[in-house]
DNA sequence: CAGTGTGAAAAATTTCACAGCT
DNA sequence: AGCTGTGAAATTTTTCACACTG
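Chains as they are written, first to last, in the UniProt record's numbering: chain H, 1 to 266; chain A, 1 to 266.
#1: Suppose the cutoff is 6 Å on Cβ atoms and the five residues either side in sequence are ignored; what does the same chain contact list for residue 69 (chain H) look like?
#2: So, are the CB atoms of residue 204 (chain H) and residue 161 (chain H) less than 9 Å apart?
#3: Could you say which of A:106, A:115, A:159 lies nearest to residue 136 (chain A) if we only look at CA atoms?
#4: Would residue 149 (chain A) pass as a contact of residue 141 (chain A) if the rule is Cβ separation under 9 Å?
#5: For residue 143 (chain A), which beta-bridge partners are listed by DSSP?
#6: Using a Cβ cut-off of 9 Å (strictly closer), state whether residue 135 (chain H) contacts chain A.
#7: With three or more beta-carbon pairs closer than 8 Å as the criterion, would you say the segment 98-112 of chain H touches the segment 166-176 of chain H?
#8: Under the three-state reduction of DSSP, which class applies to residue 198 (chain A): helix, strand or coil?
#9: Tell me which residue opens and which closes the alpha helix (DSSP H) that residue 177 (chain H) is part of.
#10: Whose C-alpha, out of A:198, A:193, A:151, A:210, is nearest the C-alpha of residue 199 (chain H)?
#11: Taking only three categories from DSSP, how would you classify residue 43 (chain H)?
#12: Given a threshold of 16 other Cβ atoms within 10 Å of its Cβ, counted over all protein chains shown, does residue 188 (chain A) qualify as buried or as exposed?
#13: Taking residue 71 (chain H) as the reference, which of H:32, H:44, H:78 has the closest Cα?
#14: Return the residue from the list H:92, H:213, H:220 that minimises the CA-CA distance to residue 83 (chain A).
#15: Using the Cα positions of residue 17 (chain A) and residue 182 (chain H), report the straight-line distance between them to the nearest angstrom.
#16: Measure the Cβ-Cβ separation of residue 95 (chain A) and residue 42 (chain A) and say whether it is below 9 Å.
#17: How big is the Cα-Cα spacing for residue 27 (chain A) and residue 51 (chain A)?
#18: Check whether chain A comes within 9 Å of residue 103 (chain H), counting only Cβ atoms and requiring the distance to be less than that.
#19: Going residue by residue through the segment 73-137 of chain H, where are the continuous alpha helix (DSSP H) segments of at least 4 residues, counting only ones entirely within it?
#20: I need the straight-line Cα distance from residue 89 (chain A) to residue 146 (chain A), nearest angstrom please.
#21: With distances taken between CB atoms, is the gap from residue 202 (chain A) to residue 175 (chain A) smaller than 9 Å?
#22: Within the 9 Å Cβ cut-off, does residue 62 (chain A) reach chain H?
#23: Quick check: what's the CA-CA separation for residue 114 (chain A) versus residue 93 (chain A)?
#24: Compute the Euclidean distance between the alpha carbons of residue 129 (chain A) and residue 109 (chain A), then round it to the nearest angstrom.
#25: Who are the neighbours of residue 106 (chain H) on chain A, taking C-beta pairs under 8 Å?
#26: So, is residue 73 (chain A) buried or exposed, given that buried needs 16 or more other C-beta atoms within 10 angstroms?
#27: By Cβ distance, which residues of its chain are closer than 7 Å to residue 159 (chain H), with the 5 residues on each side in sequence left out?
#28: Got a sec: is the Cβ-Cβ distance from residue 57 (chain A) to anything in chain H below 9 Å?
#29: In the DSSP assignment, what residue or residues form a beta bridge with residue 184 (chain A)?
#30: For residue 91 (chain A), count the other beta carbons within 10 Å of its own beta carbon; 16 or more makes it buried, fewer makes it exposed. Which is it?
#31: Quick one: give me the first and last residue of the alpha helix (DSSP H) that residue 29 (chain H) is part of.
#32: To be precise: take each residue of the segment 180-199 of chain A, compare its Cβ to all Cβ atoms of chain H, and keep it if any distance is under 7 Å. Which residues remain?
#33: By Cβ distance below 7 Å, which residues in the same chain neighbour residue 178 (chain A) in space, the five residues on each side in sequence not counted?
#34: Determine whether the beta carbon atoms of residue 34 (chain A) and residue 47 (chain A) lie at a separation below 9 Å.
#35: Excluding the 5 residues flanking residue 139 (chain A) on each side, which residues of the same chain have their C-beta closer than 8 Å to its C-beta?
#36: Near residue 80 (chain H), what residues of its chain come up, given a Cβ to Cβ distance below 7 Å and the 5 sequence neighbours on each side ignored?
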């Protein structure tokens, strides 16, 4: 990679599709694993299998980053790890604060996956005075009263909300007011934030509900297999759409329009 | 298996778009809140604001379920709650097992959001003999040795994996072997499952990485902000739909649920 | 050859805008 | 009037398939 000093051609990274951005961490994880095994290069086919996507998609994704592969050979693992890390902004340190140190907040504080990716838990904040000073994952919990000061002193721009739903918006407002511009929300609430602030949410029960939807379908129909995934052959490759794809008309579903004896609470 | 890749748009039958399915839980949550406040009806505009999406999308989503609204009036809250619940399969009880009772597993066991949506934690399973019998969230932890029996005895079809990455695939195989057909994976690994089995993943560090990507971009074009057009990546969710909301822009940068993989490192 | 990079086609999803009920 | 339901257009994402290169 003699390109070490080549400055990125301004034309390059403009507008990477959101769908692609969402997959970069996945590629990075797979590449990191290869790197630890000292694998020098990978083909799009192999890497795609390891990341659980198909190779065409992976190549297209990488094409948005630039031409980092070698035709006939594949990609240099180390180089790609670096490029993706840089693209994701992981070559710098991101101090984050976790607000709401209950079961989930504590689990997040103990979660080792953050530190290994450039995220540093700068502080833990909770509204319960009784928790103040108590260490969780080796970090002393601080009271909500000092939230603004903590954010400012540590130059935090990313906040994690793990409070009960009722407190989420208020906490969010304070975080934003103090300068946070990216929020990861675990509370089951839709947060209102001003333009320029990013919010991503993780809702555990929503994921289960989506699974239940498909599960219900499976029960309704019998065995509907049907391989649909394009690439088979490789080990990994969980195909989520496998079931979603096949949905035989069959069963006269409930009439689309109201006549069905609507069972419903009143 | 390649081949036979004839596109079958026909199979659409009762097919609700995956993107829509992913939003149904969101609507349900908003509707439930309205229901608790005894609000009888809502317009697509109001409900959309509460769910963090725009009204056109909401109406289109509902159109896949049927015509449950009343022109000129809106939707009957109770009726819609019922219809969506039924569509999601939440009118029935879903016993689930959580495997891996570490910090995260324990947090999940204690998470109240499951029970309230029809999910019942039927059992907690861990490989550590020392944990056996110890109650977590009021439920005694059982040893992995009995995994198959537990699944069968309880008729479990949905499993949650919260083990370290290294154990995930093995646990997954056993769950599937015992009859589980839907898996929510919190381990930072791509799981291989046979056709017919659904897998959804949640990865905390991936969400943070996506935020970091956008955060980095913001820093780059620091100027006094302003809707600097030209930039491809769009930061926070636009507040275009906040029109009906209120002063603060309502934005819910909901993750592309369709497939944002998320996993967490151990 | 093997395998990347990519126009072009296909599919999925979102947004528009307005006809049509109530 | 007010608001839903929905074709049609616009946009995004995925998949194809093959030219091109090391």
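From the three backbone atoms N, C-alpha and C, an ideal C-beta is built for every residue, glycine too.
Inspection of the coordinates gives the following:
#1: Only 75 meet the Cβ criterion.
#2: Taking 9 Å as the Cβ cut-off, residue 204 (chain H) and residue 161 (chain H) do not qualify as a contacting pair.
#3: Residue A:106 holds the alpha-carbon nearest to the alpha-carbon of residue 136 (chain A) among A:106, A:115, A:159.
#4: Not closer than 9 Å, so no.
#5: Beta-bridge analysis with DSSP links residue 143 (chain A) to A:126.
#6: Residue 135 (chain H) does not count as touching chain A.
#7: These segments touch.
#8: Residue state, collapsed to three classes: strand.
#9: Counting along the chain, the alpha helix (DSSP H) containing residue 177 (chain H) begins and ends at 165-178.
#10: Distances from the alpha-carbon of residue 199 (chain H) to those of A:198, A:193, A:151, A:210 put A:210 closest.
#11: It is coil, neither helix nor strand.
#12: Buried: at least 16 other Cβ atoms inside 10 Å.
#13: That would be H:44, whose Cα lies nearest to the Cα of residue 71 (chain H).
#14: Minimum Cα-Cα distance from residue 83 (chain A) among the listed residues H:92, H:213, H:220 corresponds to H:213.
#15: In a straight line, the C-alpha of residue 17 (chain A) is about 29 Å away from that of residue 182 (chain H).
#16: A distance of 9 Å or more separates the beta carbons of residue 95 (chain A) and residue 42 (chain A).
#17: In this structure, the alpha-carbon of residue 27 (chain A) lies about 6 Å from that of residue 51 (chain A).
#18: Between residue 103 (chain H) and chain A, the shortest Cβ-Cβ separation is below 9 Å.
#19: Counting whole runs of 4 or more residues, the segment 73-137 of chain H contains the alpha helix (DSSP H) stretches 77-88, 103-110.
#20: Pairing residue 89 (chain A) with residue 146 (chain A), the inter-Cα distance amounts to about 28 Å.
#21: Taking 9 Å as the Cβ cut-off, residue 202 (chain A) and residue 175 (chain A) do not qualify as a contacting pair.
#22: Not an interface residue.
#23: If I take the Cα positions, the gap works out to 11 Å.
#24: Rounded to the nearest angstrom, the gap between the Cα atoms of residue 129 (chain A) and residue 109 (chain A) is 18 Å.
#25: Neighbours of residue 106 (chain H) on chain A, chain order: 103, 107.
#26: Residue 73 (chain A) is classed as exposed because its beta carbon has fewer than 16 other beta carbons within 10 Å across all chains shown.
#27: Beyond the five residues adjoining it in sequence on each side, residue 159 (chain H) comes within less than 7 Å, by CB distance, of 96, 97, 99, 175, 180, 183 in the same chain, given in chain order.
#28: No - not a single Cβ of chain H is within 9 Å of the one on residue 57 (chain A).
#29: BP columns for residue 184 (chain A) point to A:160, A:200.
#30: With fewer than 16 Cβ atoms within 10 Å of its Cβ, residue 91 (chain A) is classed as exposed.
#31: Counting along the chain, the alpha helix (DSSP H) containing residue 29 (chain H) begins and ends at 18-36.
#32: Cβ contacts with chain H come from 181, 182, 184, 188, 190, 191, 192, 193, 195, 196, 198, 199.
#33: Apart from sequence neighbours up to five positions away, the residues of its chain that approach residue 178 (chain A) with a beta-carbon distance below 7 Å are 147, 148, 151, 152, ordered along the chain.
#34: Between residue 34 (chain A) and residue 47 (chain A), the gap from beta carbon to beta carbon is short of 9 Å.
#35: Around residue 139 (chain A): 109, 121, 123, 124.
#36: If we look at residue 80 (chain H) and ignore the five residues flanking it on each side, its Cβ neighbours are 31, 68.
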